[in-house]
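Asker: Before I ask anything, let me first share the structure, which is written out below as structure tokens.
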Amino acid sequence: MQLSDSTYSEITALSKQGDDLVKAGDLEAGKHKYVAALRLLPENHQEWEAAAWLYVAIGDVHFRMKNYDKAFKCFFNAVQCPKGLGNPYIHLRLGQLYYEQENLEKAADELTRAYMGGGIAILWKMTRSILNFLRQK
Numbered sequence: 015m016q017l018s019d020s021t022y023s024e025i026t027a028l029s030k031q032g033d034d035l036v037k038a039g040d041l042e043a044g045k046h047k048y049v050a051a052l053r054l055l056p057e058n059h060q061e062w063e064a065a066a067w068l069y070v071a072i073g074d075v076h077f078r079m080k081n082y083d084k085a086f087k088c089f090f091n092a093v094q095c096p097k098g099l100g101n102p103y104i105h106l107r108l109g110q111l112y113y114e115q116e117n118l119e120k121a122a123d124e125l126t127r128a129y130m131g132g133g134i135a136i137l138w139k140m141t142r143s144i145l146n147f148l149r150q151k
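Remember, my numbering sits 14 above the position in the sequence shown when you count from 1.
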């Protein structure tokens, strides 16, 4: 399944606007652009690859704002979309969010998936406390 060219263009334009707003520090406005792009997807939006990267973008905004529950929901949705499962970045964020929830078993599992898919370089995106946790596993 492919999105129509016009829908894909609208989604990518909104995503670019969201990226620009987030880079400028306006996280809330950026998030609104990503949500608007997500709403353009047809029904059963989790069946579309674009949903994965939109959930990641929204989740990253929530993560940066320390809205960990909302971030978790976004990354949990992202992993269920096409090309979500096995994506090292999605597993990294899920691991970090499970760690924040003190669900250490699931945190270790997700962080291991991130490492297996993304190598050692992906681990540099983690906080020192999470790295110390992984050293103990």
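Every residue, glycine too, gets a C-beta built ideally from N, C-alpha and C.
Considering Cα atoms alone, identify which of Val36, Ala121 and Ser29 is closest to Leu55.
Answerer: Closest option to Leu55, Cα to Cα, is Ser29.
Asker: Might you give, ordered along the chain, the residues of its own chain that have their beta carbon closer than 8 Å to the beta carbon of Ile136, omitting 5 neighbours on each side?
Answerer: For Ile136, where only same-chain residues beyond five positions count, the Cβ hits under 8 Å are Pro102, Tyr103, Leu106, Ala128 and Tyr129.
Asker: Between the C-alpha atoms of Asp34 and Gly44, what's the straight-line distance to the nearest angstrom?
Answerer: Looking at the two C-alpha atoms, the distance is approximately 7 Å.
Asker: When the cut-off is 7 Å and only beta carbons count, does Leu28 lie next to chain B?
Answerer: Of the chains in the structure shown, none is chain B; there is only one protein chain.
Asker: Specify, as a first and last residue, the run of the alpha helix (DSSP H) that Ile136 falls within.
Answerer: Run containing Ile136: none; DSSP gives neither H nor E here.
Asker: Give a yes or no on whether the C-beta atoms belonging to Gly109 and Leu125 are separated by under 7 Å.
Answerer: Yes, Cβ-Cβ distance for Gly109 and Leu125 is below 7 Å.
Asker: Determine whether the beta carbon atoms of Leu68 and Leu52 lie at a separation below 7 Å.
Answerer: Their beta carbons are under 7 Å apart, which means Leu68 touches Leu52 by this criterion.
Asker: Nearest to Leu118 by CA position, among Leu148, Tyr48, Thr26 and Val49, is which residue?
Answerer: The shortest C-alpha separation from Leu118 is found at Leu148.
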